[in-house]
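To keep things clear, I will list the structure first and then write my remarks on it.
In our numbering, the protein residues as written are 231 to 366.
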């Protein structure tokens, strides 16, 4: 019996010395932070084409939230404006639920050093959250 106690004590001591004090939470990923920090004007959560849909506009792109597990969010890009050959920053982005059951995304990237908006971007509409049609 004494031998088991000594082995258990040695095992406990080695675990404590190694800094093993139980499970630790994963650091939040980029998608979690983007969703957490998004203003209500950049988030859509509702039904599109009869299916639940969760969208977020982040850095002038629209992402569909596929799963949330603690501090980890799985997302996929569903809309992004055309690329621009020079440096840009996101100047405007929003998601608006429409009365006809669609969602409208407005995205605009401004070129560095330029005034006004937008080097790329526009307005798109979707009825299902994955297929987008540019309206302006």
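We treat Cβ as the ideally placed atom computed from N, Cα and C, and that holds for glycine.
This one's a predicted model, so the numbers in the text were calculated from it and none came from an experiment.
Might you give, ordered along the chain, the residues of its own chain that have their beta carbon closer than 6 Å to the beta carbon of residue i, omitting 5 neighbours on each side?
i, result
"residue 360", "308"
"residue 284", "275 and 295"
"residue 288", "264"
"residue 331", "none"
"residue 261", "303 and 305"
For residue i, count neighbouring Cβ atoms within 10 angstroms of its own Cβ and tell me buried if that reaches 16, exposed if not.
i, result
"residue 297", "exposed"
"residue 293", "buried"
"residue 282", "exposed"
"residue 241", "Here the model assigns residue 241 a pLDDT of 48, short of 50, so the residue's position is not dependable and the matter cannot be decided."
"residue 316", "exposed"
"residue 277", "exposed"
In the DSSP output, what is residue i paired with across the bridge?
i, result
"residue 277", "282"
"residue 294", "285 and 306"
Among the options, which one has its Cα closest to the Cα of residue i?
i, options, result
"residue 366", "348, 358 and 318", "348"
"residue 362", "320, 262 and 311", "311"
"residue 306", "337, 286, 321 and 313", "286"
"residue 318", "291, 350, 302 and 335", "350"
"residue 325", "342, 313 and 352", "352"
"residue 338", "280, 321, 327 and 314", "321"
"residue 268", "301, 323 and 314", "323"
Where does residue i fall in DSSP's three states?
i, result
"residue 335", "strand"
"residue 272", "helix"
"residue 444", "Since the displayed the chain opens at 231 and closes at 366, residue 444 lies outside it and no answer follows."
"residue 261", "helix"
"residue 354", "strand"
"residue 299", "strand"
"residue 365", "coil"
Excluding the 5 residues flanking residue i on each side, which residues of the same chain have their C-beta closer than 8 Å to its C-beta?
i, result
"residue 346", "340"
Could one say the Cβ of residue i lies closer than 9 Å to chain B's Cβ atoms, at least one of them?
i, result
"residue 261", "The structure shown contains no chain B, having only a single protein chain."
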